[in-house]
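Enquirer: In the numbering used here, each residue's number is its place in the sequence shown (first place is 1) plus 799.
All residues carry an ideal CB built from backbone N, CA and C; glycine is no exception.
What you are looking at is a predicted structure, and each value in this text was computed from that prediction instead of being measured.
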Amino acid sequence: AIGVALMSTATIATCDHGVVARIKRVIMERDVYPRKWGLGPMALKKKQLIQAGLLQPSGRSNETTPSDWGKQYVEMNVNNETLLQKAVKVEEIYRNNSEIPPVKRKVADTNLQTEPSINYKKRKE
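1. Give the straight-line distance between the Cα atoms of residue 813 and residue 836, rounded to the nearest whole angstrom.
2. From which residue to which residue does the alpha helix (DSSP H) around residue 844 run?
3. Just list the residues that DSSP pairs residue 860 with in beta bridges.
4. Could you give the first and the last residue of the continuous alpha helix (DSSP H) run that contains residue 870?
5. Between residue 883 and residue 810, what straight-line distance do the alpha-carbon atoms span, to the nearest angstrom?
6. Work out the CA separation of residue 893 and residue 904 for me, nearest whole Å.
7. Less than 8 angstroms between the CB atoms is what I'm expecting for residue 869 and residue 860, so what's the real figure, rounded?
8. Just to confirm my understanding: we take residue 847, look at its own chain, exclude 5 residues before and 5 after, and list those with CB closer than 6 angstroms. What are they?
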């Protein structure tokens, strides 16, 4: 279990203050909290643009997409070519730069290992 909640999910959603749970995470149902999935302001605009044919059915922009949409909406799943090129340049700089010292690893000192200093006396029988 993740933890023990002190209130139900519906009570947590409507609570303004106080201790809600003694857990690290609160897993809530989709239809309970006020900002439901797909009903936010950007999601509604995106759905309207898809229905009007200004966006592809997958939500990507096409030729008829308004220029304002690209400024307002930033898609996180798209690979950014400029960032990739910058990362490659940084890697090349680090590879070609001989001023960077190599990483030295500490070697365990074998002289520090000692035998146990327990003296066992033999009994006379």
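Expert: A quick look at the data gives this:
1. If I take the Cα positions, the gap works out to 17 angstroms.
2. 840-851 is the span of the alpha helix (DSSP H), which, as asked, contains residue 844.
3. In DSSP, residue 860 forms a bridge with 854.
4. Counting along the chain, the alpha helix (DSSP H) containing residue 870 begins and ends at 866-871.
5. Between residue 883 and residue 810, the C-alpha separation is close to 46 angstroms.
6. When rounded, the distance between both Cα atoms is 20 angstroms.
7. With a Cβ gap of about 6 angstroms, residue 869 and residue 860 count as contacting.
8. Here residue 847 has no same chain residue with a Cβ atom under 6 angstroms from its own Cβ, once five neighbours each way along the sequence are excluded.
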